[in-house]
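Notes follow the structure.
2 protein chains.
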Amino acid sequence: MAPPSKVRPRTRIQREKQDVILNAALDVFSLHGFRGATIDQIAEAAGMSKPNLLYYFSSKEEIHRRLLEDMLDLWLDPLREFDAAGDPVSELRSYIRRKLEMARDFPRESRLFANEMLQGAPHAIDVLAGELKALVDDKAGVIESWMREGKITRTDPYHLIFSIWATTQHYADFDVQVRAVLGPARGGEGRFEDAARYLENLFMHGLVPKG
Amino acid sequence: MAPPSKVRPRTRIQREKQDVILNAALDVFSLHGFRGATIDQIAEAAGMSKPNLLYYFSSKEEIHRRLLEDMLDLWLDPLREFDAAGDPVSELRSYIRRKLEMARDFPRESRLFANEMLQGAPHAIDVLAGELKALVDDKAGVIESWMREGKITRTDPYHLIFSIWATTQHYADFDVQVRAVLGPARGGEGRFEDAARYLENLFMHGLVPKG
DNA sequence: TAACACTTTTTCCAACTGGTCAAAAATTCC
DNA sequence: GGAATTTTTGACCAGTTGGAAAAAGTGTTA
């Protein structure tokens, strides 16, 4: 009789339905943002009635919060793996590759995050200024030490990280534009490999010919 | 007695109030997206009642359409100026600089556009696949000819343009994140000049030391 | 099979949504 | 100044929104 309401599922059905709901909600939130999304839309996408959905999550906010938490965790993984002990150039190269793979494999999560940023991060500002900043500070330190050792060009490590985020997430967040501009011939599945090749070259060597 | 309803303002008051409304609407739409924005919010931000606002624009869609048109025009300006006859490296450099200035000076327009992209460009897809694609095709051709002449490194011109868009617009669209990560010390006004310096270096030379 | 917890549906609600309309108020123009 | 026009307001409407309540159904297990 009493709704579960708590975050932890207790039965098999609760676990399954919560997953279905979260998946549907990710579709809707990533497309319309928090305010633009409605519980009805999510419920329909999840194949259940609105009151039924509200039996598993007590509010729209709760679903969104949960989605954002899960996403942030996934999102920061590649940066966490960034290894100070590795070879600088190949570490950066594989970080870029992993971020691009995330944009390809989790475009909805990327858009959910982008929506949150566009709205001024009302639900995530604490994570940004706390956990994320700490993590970036740490990795920026690593990058700076590589620069001091002459392993990579001396430049701003923070903006370097920003530019990796921007260029990779662009392929998820601005997917429509990318497809429209590339056209049917080049906008198919191959676009991510073209992007990977291009970005590797950009970050490694830039545009001015050497020598 | 009859509302103007048409796009062209006939009196001084109509011109002024339409501007006030468009400005307020830009605030609201860029923050919440089309679906998430309400006429009431816009009216309040514009300092007038909802029916009064609807006297100047016949619907929410009309305001949004108008905003998007004006923005796309402004947005494509830097790319139009891209000059085939100029020096390749300095043309690219100044394009990057101009795009970054737009992100700094028109962040709301950038976010309006980003919102539209995240939602799959329902109102702009025609422009993307038409006017924009044609323009990019043209400029990509210019870039390609520069590459053939050996003036810049051989790479994918389309993805080059994407990466310029992505890196510059990032400072408008993800402003909250940038500020949060940089912290109070480096997240102030100077961040755009730091970004300009960094991006110039990235696009020109990349990260691998030369020689 | 009967008591039990778990799940789903039906009904409902108050607040909000985009938008209309007629009348009142302000402005402009002669 | 007064008529004509433009602008503003207040009341209103039908549809949607997030969510509550309670009853009805569905297992599960002693």
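Note that the protein sequences, when read in sequence, are chains A and B.
So this note's numbering is basically just the index in the first sequence, starting at one, shifted up by 258.
So this note's numbering is basically just the index in the second sequence, starting at one, shifted up by 258.
Don't be surprised by glycine CBs; every beta carbon is placed ideally from N, CA and C.
Report task. For B/Ile-410, name the three-state secondary structure that DSSP assigns. Result -> In the second sequence, the residue the question calls residue 410 of chain B occupies position 152. DSSP places B/Ile-410 in coil when its eight states are reduced to three.
Query - Endpoints, alpha helix (DSSP H) assigned at B/Gly-305 - result: Sequence index remark: in the second sequence, residue 305 of chain B carries index 47 (1-based). Careful: B/Gly-305 lies outside any alpha helix (DSSP H) and carries neither H nor E.
**Report entry** Rounded Cβ spacing between A/Pro-336 and A/Tyr-353 (contact assumed at less than 8 angstroms)
**Finding:** The count along the first sequence starts at 1 and reaches residue 336 of chain A at position 78. The count along the first sequence starts at 1 and reaches residue 353 of chain A at position 95. About 6 angstroms separates the two Cβ atoms, so the contact holds.
Report task. Give a yes or no on whether the C-beta atoms belonging to A/Phe-432 and B/Ala-424 are separated by under 9 angstroms. Result -> On the first sequence, position 174 is the one that residue 432 of chain A refers to. On the second sequence, position 166 is the one that residue 424 of chain B refers to. Yes, the pair counts as a contact, with Cβ atoms nearer than the cut-off.
Query - Residue range of the alpha helix (DSSP H) that includes B/Val-436 - result: Translated into the one-based positions of the second sequence, residue 436 of chain B becomes position 178. Note, B/Val-436: alpha helix (DSSP H), 433 to 444.
Report task. Could you pull out every residue in the same chain whose Cβ sits closer than 8 angstroms to the Cβ of B/Ser-348, ignoring the five residues on either side in sequence? Result -> Translated into the one-based positions of the second sequence, residue 348 of chain B becomes position 90. Answer for B/Ser-348: no residue qualifies.
Query - Contact belief for B/Glu-429 with B/Val-436 at Cβ below 8 angstroms, rounded distance in angstroms - result: Residue 429 of chain B sits at position 171 when you count from the first residue of the second sequence. Residue 436 of chain B sits at position 178 when you count from the first residue of the second sequence. The identity of residue 429 of chain B in the sequence shown is Tyr, whereas the question assumes Glu. Right, their Cβ atoms sit about 6 angstroms apart.
Report task. Taking the CB atoms as reference points, tell me whether B/Ala-301 and B/Asn-310 lie closer together than 9 angstroms. Result -> Position 43 of the second sequence, counting from 1, holds the residue named residue 301 of chain B. Position 52 of the second sequence, counting from 1, holds the residue named residue 310 of chain B. In contact: B/Ala-301 and B/Asn-310 (Cβ atoms closer than 9 angstroms).
Query raised in the report: Should B/Pro-336 be flagged as near chain A, meaning a C-beta pair shorter than 9 angstroms?
Result: Within the second sequence, the letter at position 78 stands for residue 336 of chain B. Cβ-Cβ to chain A under 9 angstroms: no for B/Pro-336.
Query raised in the report: Do you know offhand how far A/Met-259's Cα is from A/Arg-362's?
Result: Numbered from its first residue, the first sequence carries residue 259 of chain A at position 1. Numbered from its first residue, the first sequence carries residue 362 of chain A at position 104. Low local confidence applies: a pLDDT of 38 at A/Met-259 is under 50, so the model's placement there is unreliable, and no value is given.
Requested in this report: Using three-state DSSP, classify B/Glu-447 as helix, strand or coil.
Outcome: Within the second sequence, the letter at position 189 stands for residue 447 of chain B. It is coil, neither helix nor strand.
Report task. Have a look at A/His-381, A/Glu-320, A/Gln-427, A/Leu-460 and flag the residue whose alpha-carbon is nearest the alpha-carbon of B/Ile-471. Result -> Outside the shown range of chain B, which is 259 to 469, sits residue 471 of chain B, and nothing can be said about it.
Report task. Closer than 7 angstroms by beta-carbon distance: list the chain A residues that pair up with B/Lys-391, in chain order. Result -> Position 133 of the second sequence holds residue 391 of chain B. In chain order: Ala-438, Val-439, Gly-441.
Report task. Kindly list, in the order they appear in chain B, the residues whose Cβ is closer than 9 angstroms to that of A/Asp-452. Result -> Within the first sequence, numbered from 1, the residue matching residue 452 of chain A stands at position 194. Correct list: Asp-414, Tyr-416, His-417.
Query raised in the report: Hey, A/Met-329 and A/Glu-389 are a contact pair by Cβ (cut 8 angstroms); roughly how many whole angstroms apart?
Result: On the first sequence, position 71 is the one that residue 329 of chain A refers to. On the first sequence, position 131 is the one that residue 389 of chain A refers to. The Cβ separation is near 13 angstroms, so there is no contact.
Query raised in the report: Shortest alpha-carbon distance to A/Val-400 belongs to which of A/Asp-384, A/Pro-380, A/Arg-369, A/Pro-346?
Result: If you number the first sequence from 1, residue 400 of chain A lands on position 142. Measuring from the Cα of A/Val-400, the nearest candidate turns out to be A/Pro-346.
Query raised in the report: When you compare only the Cα positions, how much space is there between A/Arg-324 and A/Met-375?
Result: Numbered from 1 along the first sequence, position 66 holds the residue referred to as residue 324 of chain A. Numbered from 1 along the first sequence, position 117 holds the residue referred to as residue 375 of chain A. Straight-line Cα distance between these residues: approximately 17 angstroms.
Report task. Work out the CA separation of A/Leu-386 and A/Phe-315 for me, nearest whole Å. Result -> Residue mapping note: residue 315 of chain A aligns to position 57 of the first sequence, counting from 1. Residue mapping note: residue 386 of chain A aligns to position 128 of the first sequence, counting from 1. Taking the straight line from one Cα to the other gives about 25 angstroms.
**Report entry** Contacts around B/Ala-282, its chain only, beta-carbon distance under 6 angstroms, and the 5 residues preceding and following it disregarded
**Finding:** Counting from one through the second sequence, the residue named residue 282 of chain B turns up at place 24. Closer than 6 angstroms at the Cβ level, and outside the excluded window around B/Ala-282, lie Ile-300, Ala-303, Ala-304.
Requested in this report: Determine the burial state of B/Ser-263: buried for a count of at least 16 other Cβ atoms within 10 Å of its Cβ, exposed for fewer.
Outcome: As a first step, residue 263 of chain B is located in the second sequence; it is residue number 5 there, counting from the start. Because B/Ser-263 carries a pLDDT of 44, less than 50, the predicted location of this residue cannot be relied on, and the following value inherits that uncertainty. Exposed, by the Cβ-count rule.
Query raised in the report: Taking just the CA atoms, how far does A/Arg-273 sit from A/Asp-298?
Result: Along the first sequence, one-based indexing puts residue 298 of chain A at 40. Along the first sequence, one-based indexing puts residue 273 of chain A at 15. Near 21 angstroms, if we compare the C-alpha coordinates of A/Arg-273 and A/Asp-298.
Query raised in the report: In the structure shown, what three-state DSSP assignment does B/Ser-317 receive?
Result: Here the question's residue 317 of chain B lines up with position 59 in the second sequence. Reduced to three states, the DSSP call for B/Ser-317 is coil.
Requested in this report: Just confirm the distance between the C-beta atoms of A/Phe-340 and A/Lys-397, as a whole number of angstroms; I'd bet it's less than 8 angstroms.
Outcome: What you label residue 340 of chain A is simply residue 82 of the first sequence in a count that begins at 1. What you label residue 397 of chain A is simply residue 139 of the first sequence in a count that begins at 1. Yes, A/Phe-340 and A/Lys-397 are in contact; Cβ-Cβ is about 5 angstroms, under 8 angstroms.
Query raised in the report: From the beta carbon of A/Leu-376, is the nearest beta carbon of chain B less than 9 angstroms away?
Result: Stepping through the first sequence from its first residue, residue 376 of chain A is reached at position 118. Taking Cβ atoms only, chain B reaches closer than 9 angstroms to A/Leu-376, which makes this a yes.
Query raised in the report: chain B beta carbons: is any one of them nearer than 9 angstroms to that of A/Ala-303?
Result: Against the first sequence, residue 303 of chain A aligns to sequence position 45. By this cut-off, A/Ala-303 is not an interface position.
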